[in-house]
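Engineer: Residue numbers (the UniProt record's numbering): 1 to 190.
A virtual CB, placed ideally from N, CA and C, is assigned to each residue, including glycine.
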Ligand code: ADP
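#1: Checking 8 Å against the spacing of the C-beta atoms, do residue 113 and residue 11 come in under that value?
#2: Leaving aside the five residues before and after residue 186 along the sequence, list all residues of the same chain whose C-beta is less than 8 Å from its C-beta, in chain order.
#3: Residue 191 to residue 6, Cα distance in whole Å?
#4: Are residue 21 and residue 27 close, meaning C-beta to C-beta below 8 Å?
#5: How many Å lie between residue 192 and residue 71 at the Cα?
#6: Please return the same chain residues whose Cβ sits closer than 6 Å to the Cβ of residue 121, not counting the five positions on each side in sequence.
#7: Using the C-alpha atoms, what's the distance from residue 44 back to residue 159?
#8: What does a CB cutoff of less than 6 Å around residue 223 pick up in its chain, not counting 5 residues either side in sequence?
#9: Can residue 87 be considered in contact with ligand 1, in the sense that its beta carbon sits closer than 7 Å to one or more heavy atoms?
#10: Within 8 Å, do at least three Cβ pairs link the region 32–40 to the region 173–190?
#11: Consult DSSP for residue 85 and reduce its assignment to one of helix, strand or coil.
#12: Determine the DSSP secondary structure at residue 35, reduced to helix, strand or coil.
#13: Compare the beta carbon distance of residue 86 and residue 25 with 8 Å and say whether it is the shorter of the two.
Right, here's the structure in full:
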């Protein structure tokens, strides 16, 4: 299996690049942000719980997120591999993902991290707010909170994969095509 963690701060382009990678490598795309938004839209119990955190730019608690992700993985027993987008976002999530994949006799192939400077991220999120309808994109204070949470809790997840020799940093500034090429040139060597 090819199992990728697509990593990067809010607005780095994970969703856009995931779309391209799933076609090329025939992978199942699991975006925790998309799954939470789907549940919020349908007003499920999970959606109501997640909403309280997402609206403030905070992380949904690990236990809730890990259980949800495990259930999504189990829905795809025939998958040739997965792209994890927006997960893991904390070290406990990274540990749980390793255990889950181990129980399936597989593992993470690589973390590919889109690297984008903070000013550029803010500009992109402001632009995205015009069309996304996402309340968490519309308010600069919430955007700042998401970036702060990323720096404090999510950025350290990189060390988890560096320790396993699985980390690949990729310049996330440039055209969408250029960034896809940078990603595929790393993934093709795995
Ligand atoms: P972005 O990366 O653009 O901020 P996402 O769509 O990946 O947005 O996530 C939106 C929100 O959903 C996050 O700000 C967070 O509140 C919640 N979320 C997504 N993934 C996770 C996760 N793995 N753990 C905890 N919360 C999460």
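Structural biologist: According to the structure shown:
#1: The Cβ atoms of residue 113 and residue 11 lie no closer than 8 Å to each other.
#2: The residues are 110, 112, 168 and 170.
#3: Residue 191 lies beyond the residue range present for the chain, which begins at 1 and ends at 190; the question has no answer from this structure.
#4: In this structure, residue 21 lies near residue 27, with their beta-carbon atoms less than 8 Å apart.
#5: The question about residue 192 has no answer here: the residues shown for the chain are numbered 1 through 190.
#6: Setting aside the 5 residues that flank it on each side, residue 121 is surrounded in the same chain by 9 and 11, each with a C-beta closer than 6 Å to its C-beta; the list follows chain order.
#7: Rounded to the nearest whole angstrom, the C-alpha separation of residue 159 and residue 44 is 35 Å.
#8: Lying before the first or after the last residue shown, residue 223 is absent from the chain, which here runs from 1 to 190.
#9: The answer is yes for residue 87.
#10: Below 8 Å, too few C-beta pairs join the region 173–190 and the region 32–40 to call them touching: fewer than three.
#11: DSSP places residue 85 in strand when its eight states are reduced to three.
#12: Assigned with DSSP and collapsed to three states, residue 35 falls in helix.
#13: No. Outside cutoff.
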